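Report on the structure given below.
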Amino acid sequence: MSKEITETWSEFLERYPDLVFVRTKKQIYTADEIDDNIILEEDTLPLIKGKTQIIPLDETAYRRCFKMGTAMENGMWAISVCEKNKLEVRPAVIWEILKKQEEILAKTEE
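Here it is as structure tokens:
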């Protein structure tokens with residue numbers, strides 16, 4: 002049986018129960034920076050200290066992606082790309098996928 006592709010909220014919550022994508026005002030390098038730079042959106046899941054794995058998405062780096070959806074929506078889309086391409090779901094890969102999407106969106110604006 003091949004690996005499933007995460008496409009819905011329920012699939013995401015089942016497969017990645019402790020993962021949350023958050024929108025941030027700038028690139029975050031340490032956990033201490035989250036509180037001052039997080040932008041809560043309507044679908045931001047609860048953040049539980051010591052349990053939740055947070056993947057910050059910098060709104061200045063992915064401004065075109067954020068026109069298309071929230072941090073959670075962009076993150077879930079990036080996870081589906083990882084799964085389809087058999088890539089590991091980790092922050093650096095997610096950021097690279099969104100960077101490439103940002104470049105594609107920039108070209109469509111030209």
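Those letters in the sequence shown? Residues 2 to 111, per the numbering used here, in order. Ideal placement from N, C-alpha and C gives every residue a C-beta, glycine not left out. Note that the coordinates shown come from a computational prediction; the quantities given were computed from them, not determined experimentally.
Taking one beta carbon from each stretch, the segment 53-67 and the segment 20-36 have 3 or more pairs nearer than 8 Å; the two touch. Residue pairing by DSSP places Asp59 opposite Thr25 in a beta bridge. The continuous stretches of alpha helix (DSSP H) do not include Lys52, and DSSP gives it neither H nor E. Judged by their CB atoms, Ala79 and Ile105 are not nearer to each other than the 8 Å cut-off.
Taken through DSSP and simplified to helix, strand or coil, Ile80 comes out as helix. Within the same chain, Ile80, Cys83 come within 6 Å of Val90 by CB-CB distance, once the 5 residues on both sides are set aside.
With respect to the 8 Å criterion, Lys26 and Ile40 are classified as neighbours on the basis of their beta carbons.
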